[in-house]
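This report refers to the structure that appears directly beneath it.
In this note's numbering, the protein residues as written are 41 to 228.
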C-alpha cells in the first residue's frame with residue numbers, strides 16, 4: 041500500500057511538472073511574469089520574517105537592522121510588482137552573473153590535480169558552457185529572459201517524465217514486492 045501511494049505521488053508530481061513545462065514553453069512571457077511575482081512574494085515573506093525577528097530581539101541594534109531589512113524587502117516586493125519588466129531584467133542579470141562566475145570556477149577547477157581526465161574535461165566543458173550562457177544573458181537580456189523561461193520549461197518536462205517513469209517503476213516493484221519483502225524477511 042505504501043509503494044502504491046509513493047508511486048501515485050511520483051506520477052502526480054510528474055504530470056504537474058509536465059503541465060508546468062508545457063505552459064513555460066508555450067507562454068514564456070507568462071513564465072517570466074510568474075518568476076517576478078514569485079520573487080515579490082519571497083520579498084514580502086522575508087519582510088514579515090525580518091519584522092518578527094526585529095520585535096523578538098532584546099537589544100536595539102538588531103531591531104533597527106532587522107526593521108531596515110524588512111523595509112528593503114518590502115520595497116523590493118512592491119517594486120517588482122509595480123515594474124515587472126525591469127525586475128525581470130535584473131533577475132536575468134543576476135542569473136547571468138551566477139552562470140558566469142560559476143562557469144569560471146568550474147573551468148579553473150578543471151585544471152586542478154587529483155581528478156581523472158574525464159572529470160577535468162567535464163569541468164572544463166561545463167564551465168565554458170556556463171560562461172557562454174552568462175555572456176548570452178548579459179549581451180541580450182530580453183532573449184535571455186525568454187531563454188530562461190524555455191530552459192525552465194524543458195527542465196520541467198524532463199523532470200516530469202522522469203518522475204512519471206519512476207512512479208511507474210515503483211508501482212511495478214510494488215506488484216511483485218510482496219514476494220520480495222517475504223524473501224528479505226526470511227533472509228534476515
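Don't be surprised by glycine CBs; every beta carbon is placed ideally from N, CA and C. Owing to the predicted nature of the structure, the values given are computational and were not obtained by experimental measurement.
Close-in-space but distant-in-sequence residues of the same chain around residue i (CB under 8 Å, 5 per side omitted)
{"i": "residue 107", "result": "90, 91 and 94"}
{"i": "residue 187", "result": "176 and 177"}
{"i": "residue 203", "result": "50, 51, 53, 54 and 57"}
{"i": "residue 210", "result": "43, 46, 47 and 50"}
{"i": "residue 120", "result": "76, 77, 79, 80, 83 and 127"}
Through-space distance from residue j to residue i, alpha-carbon basis
{"i": "residue 175", "j": "residue 147", "result": "15 Å"}
{"i": "residue 61", "j": "residue 195", "result": "7 Å"}
{"i": "residue 145", "j": "residue 170", "result": "10 Å"}
{"i": "residue 70", "j": "residue 127", "result": "14 Å"}
{"i": "residue 58", "j": "residue 67", "result": "14 Å"}
{"i": "residue 72", "j": "residue 132", "result": "10 Å"}
{"i": "residue 74", "j": "residue 153", "result": "43 Å"}
{"i": "residue 112", "j": "residue 138", "result": "22 Å"}
{"i": "residue 130", "j": "residue 114", "result": "17 Å"}
{"i": "residue 206", "j": "residue 159", "result": "28 Å"}
{"i": "residue 105", "j": "residue 215", "result": "57 Å"}
{"i": "residue 208", "j": "residue 63", "result": "24 Å"}
{"i": "residue 156", "j": "residue 125", "result": "45 Å"}
Own chain partners of residue i with C-beta closer than 7 Å, once the 5 adjacent residues on each side are dropped
{"i": "residue 136", "result": "174, 177, 178 and 184"}
{"i": "residue 198", "result": "none"}
{"i": "residue 99", "result": "none"}
{"i": "residue 201", "result": "54 and 58"}
{"i": "residue 181", "result": "129, 132 and 133"}
Reference residue i, options the options, closest by Cα
{"i": "residue 143", "options": "46, 86 and 165", "result": "165"}
{"i": "residue 87", "options": "62, 78, 116 and 195", "result": "116"}
{"i": "residue 172", "options": "156, 140, 130 and 180", "result": "140"}
{"i": "residue 167", "options": "50, 151 and 130", "result": "151"}
{"i": "residue 65", "options": "180, 189, 84 and 120", "result": "189"}
{"i": "residue 123", "options": "47, 181 and 77", "result": "77"}
{"i": "residue 84", "options": "205, 105, 118 and 63", "result": "118"}
Residue interval of the alpha helix (DSSP H) (run including residue i)
{"i": "residue 138", "result": "124–149"}
{"i": "residue 153", "result": "Note, residue 153: premise wrong, no alpha helix (DSSP H); not H, not E."}
{"i": "residue 93", "result": "68–96"}
Residue burial classification, residue i (beta-carbon count within 10 angstroms, cutoff 16)
{"i": "residue 96", "result": "exposed"}
{"i": "residue 192", "result": "buried"}
{"i": "residue 212", "result": "exposed"}
{"i": "residue 79", "result": "buried"}
{"i": "residue 134", "result": "exposed"}
{"i": "residue 102", "result": "exposed"}
{"i": "residue 45", "result": "exposed"}
Own chain, CB closer than 6 Å to residue i, minus 5 neighbours either side, in chain order
{"i": "residue 110", "result": "87, 90 and 91"}
{"i": "residue 163", "result": "146, 149 and 150"}
C-beta neighbour in chain E for residue i, strict 8 Å
{"i": "residue 137", "result": "The displayed structure is made up of one protein chain only, and chain E is not part of it."}
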